[in-house]
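Notes to accompany the following structure.
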Amino acid sequence: MDNSHKLQLSKEEMREYGYQVIDSIVEHFDTENTKKPVALASREEMDLLFKTEAPEEATNYKEVLDFVTEKVLPNSNIVTHPKSYSFVPGPSNYVSVMADTLATGFNVFSGGWAASPAAAELEIVTMNWLLKLFKFPTKKGGGIFTSGGSMANLTALVTARRQRCGDDFSKAIIYLSDQAHSSNIKAIRVLGFKKEQVRIIPTDIEFKMAINKLKNAIAKDRLEGLKPFCIIASAGTTNTGTVDPLNEIAKICKTEKLWFHIDGAYGGAAILSKKGNQLLKGIEKADSVAIDPHKWLFQPYEMGCLLVRNHKWLSETFTEKPEYLRDIEGNQSEINFYDHGIQLTRRFRALKFYMSMKTFGLTAFKKAVSYSIDLAEEIEEHLRKSANWEVVSPATLAVINFRYNPIGKNYSEKQLDAINQEISKKIVDSREALLVTTILQKQVVLRMCLINPRTTIVDIKDTLKTCESFAKEIV
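Heads up: take any position in the sequence shown, counting from 1, add 595, and you land on our numbering.
Here is the structure:
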């Protein structure tokens, strides 16, 4: 009898397949720093390699796995690589990878208590760990794990709008800086706000939200009969790692009765270090905070998180009672996380955070975050002692921006922009490091984000030497 419709392998085949997958992952973790971090390919090259019709007939599972390990995975950037400096790297850790494997293998539904009491309980437990870290109330506060910071910000703004505006948000105004992450603008657009309801507040010379300009904008909007309802502050901007003046913004929100949301998707985890904790003073005064464990808490993709001061805000915003869920509502202490966010079907994200934290301990995470901050400051000191490099934005929460601008050469701004853009292109094309540019103060600069605890000072100095050699070729 043909049993192919059951979509199964035999016990021995599953075991052999699994061992081969695990061996590939272990080998990757063990040898990643010997590989090149950058994958380069055109659409035409990828089409030639992968484009095909959906196969009608089966292919041997070993052949499929070999194809993936030989062709698919090598054609992806290694974001865990010590020389992956751009965007926000994803350092990850092996324990969490295995936890994700377990959660996916058992296909745990983490939407409601009745489907998996253990999954819901672990999300409650780990959420309480985070609430405590950020000095949010653990009994009254709450939160939810999301796919990433973008979904965390969206969830926060839906909640803020519901709590502050009710059903009518036609005159509602929201404020954020010109350095705020693009996910916030995307969330605002998704929620149906018009462009005219968004105020982009300029930043000062340190890239922090300008408080006087924020106050002026709020006052002007009130005088015009509009209804300010939310300020989004950044706790670690992607461009520079800068933290907005959180305590001052908190005072404004309290006086003006505005929702205070902090986007800490990049820098929030810096609260684990002494230096980061100082920079993040005031984060505990927010109504909601977005953080991204798949960044600086070293979890694999996807894992974001939203924390709120009052868990009822989430349930009041997202709870629906369809007939097909009426038998599994449970009591109030048995949290159904589908009532706290947008998703009904949710993967078991809490498991990887729980297992890695239990395995390594909070102290190890604190050391890893502190190491990254210290490393960036060490690189800043190294750059300032060089006759070739100019620091444009100092090391802040493990982000530093700089450009090639050798003393005595007197290049024009236009020439410097072109040189630094070309340095980035050459280093990426060489595949030796992922180092791209951003724009600060109308200058093209090279940006390093150094949150990988396995990146060393030697890795970075080696990259800078390579950049210098490329610069000499250019000029």
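Beta carbons: idealized from backbone N, C-alpha and C, even for Gly.
Computed from a predicted structure; not experimentally measured.
From the DSSP output, in three-state form, read off residue i for me.
{"i": "G744", "result": "helix"}
{"i": "T647", "result": "coil"}
{"i": "M641", "result": "helix"}
{"i": "E622", "result": "helix"}
{"i": "V690", "result": "helix"}
{"i": "R610", "result": "helix"}
{"i": "N996", "result": "strand"}
{"i": "I768", "result": "strand"}
{"i": "G738", "result": "strand"}
{"i": "S988", "result": "strand"}
{"i": "L604", "result": "coil"}
{"i": "L1045", "result": "coil"}
{"i": "V616", "result": "helix"}
{"i": "V663", "result": "helix"}
{"i": "S928", "result": "coil"}
{"i": "S679", "result": "strand"}
{"i": "V633", "result": "coil"}
{"i": "V674", "result": "coil"}
{"i": "V753", "result": "helix"}
Should residue i be labelled buried (16 or more other beta-carbon atoms within 10 Å of its own) or exposed?
{"i": "N1047", "result": "buried"}
{"i": "V838", "result": "buried"}
{"i": "I795", "result": "exposed"}
{"i": "P712", "result": "exposed"}
{"i": "L635", "result": "exposed"}
{"i": "V663", "result": "exposed"}
{"i": "I783", "result": "buried"}
{"i": "M898", "result": "buried"}
{"i": "T1033", "result": "buried"}
{"i": "L818", "result": "exposed"}
{"i": "I968", "result": "buried"}
{"i": "K595", "result": "The structure shown has nothing for residue 595, since the chain only spans 596 to 1070."}
{"i": "L752", "result": "buried"}
{"i": "N811", "result": "exposed"}
{"i": "S1019", "result": "buried"}
{"i": "L697", "result": "exposed"}
{"i": "N1005", "result": "exposed"}
{"i": "D625", "result": "exposed"}
{"i": "F701", "result": "exposed"}
{"i": "D1054", "result": "buried"}
Out of the options, state which residue places its alpha-carbon closest to the alpha-carbon of residue i.
{"i": "F740", "options": "Y999, I1002, D887, L1041", "result": "D887"}
{"i": "L892", "options": "K852, R942, G744, V1039", "result": "G744"}
{"i": "K953", "options": "A698, T721, S883, I1034", "result": "T721"}
{"i": "E972", "options": "A982, K980, A990", "result": "A990"}
{"i": "F764", "options": "R756, I719, Y770", "result": "R756"}
{"i": "E651", "options": "H600, V621, T1033, W724", "result": "H600"}
{"i": "F645", "options": "T626, V667, T654", "result": "V667"}
{"i": "R904", "options": "L726, L1011, D618", "result": "L726"}
{"i": "A747", "options": "I769, I857, A710", "result": "I857"}
{"i": "K631", "options": "R1049, D1024, I1052, E1063", "result": "D1024"}
{"i": "G738", "options": "K1060, G936, T1061, N834", "result": "G936"}
{"i": "A767", "options": "W724, K789, A775, Y999", "result": "K789"}
{"i": "E879", "options": "K947, P840, S772, M804", "result": "P840"}
{"i": "K1021", "options": "C1044, V633, Q894, K730", "result": "V633"}
{"i": "E1027", "options": "G736, S619, E627, Q938", "result": "E627"}
{"i": "K916", "options": "D762, G761, G707", "result": "G707"}
Establish whether the CB of residue i and some CB of chain C are separated by less than 8 angstroms.
{"i": "V1040", "result": "Looking for chain C here will not work: only one protein chain is present."}
Taking just the CA atoms, how far does residue j sit from residue i?
{"i": "I780", "j": "G871", "result": "26 angstroms"}
{"i": "V690", "j": "G956", "result": "12 angstroms"}
{"i": "P732", "j": "G863", "result": "17 angstroms"}
{"i": "V986", "j": "L875", "result": "23 angstroms"}
{"i": "D934", "j": "S1007", "result": "57 angstroms"}
{"i": "L978", "j": "L717", "result": "45 angstroms"}
{"i": "I930", "j": "Q1016", "result": "51 angstroms"}
{"i": "V659", "j": "I995", "result": "42 angstroms"}
{"i": "F1065", "j": "T1058", "result": "11 angstroms"}
{"i": "Q792", "j": "Y656", "result": "54 angstroms"}
{"i": "I808", "j": "P797", "result": "It should be pointed out that residue 808 corresponds to Lys in this sequence rather than to Ile. Rounded to whole angstroms, K808 to P797 spans 7 angstroms at the Cα level."}
{"i": "N598", "j": "Q615", "result": "25 angstroms"}
{"i": "I813", "j": "V1040", "result": "33 angstroms"}
{"i": "F960", "j": "K869", "result": "13 angstroms"}
{"i": "S637", "j": "P669", "result": "14 angstroms"}
{"i": "A860", "j": "A885", "result": "5 angstroms"}
{"i": "Q1038", "j": "G685", "result": "27 angstroms"}
{"i": "R1042", "j": "T833", "result": "10 angstroms"}
{"i": "K1060", "j": "G787", "result": "49 angstroms"}
{"i": "L771", "j": "T835", "result": "16 angstroms"}
May I ask you to check if the CB of residue i is nearer than 7 angstroms to at least one heavy atom of the ligand FMN?
{"i": "K766", "result": "This structure lacks the ligand FMN, and indeed carries no ligand of any kind."}
Run through the segment 855-926 for me and flag every whole beta strand (DSSP E) of 3 or more residues, listed as ranges in chain order.
883-886, 899-903
3 or more residues per run - each beta strand (DSSP E) lying fully within the segment 1011-1039
1032-1035
My parser needs the beta strand (DSSP E) runs of 3 or more residues fully inside the segment 784-832; what are they?
793-796, 822-829
Ordered list of alpha helix (DSSP H) runs contained in the segment 940-982, each at least 4 residues:
945-955, 957-979
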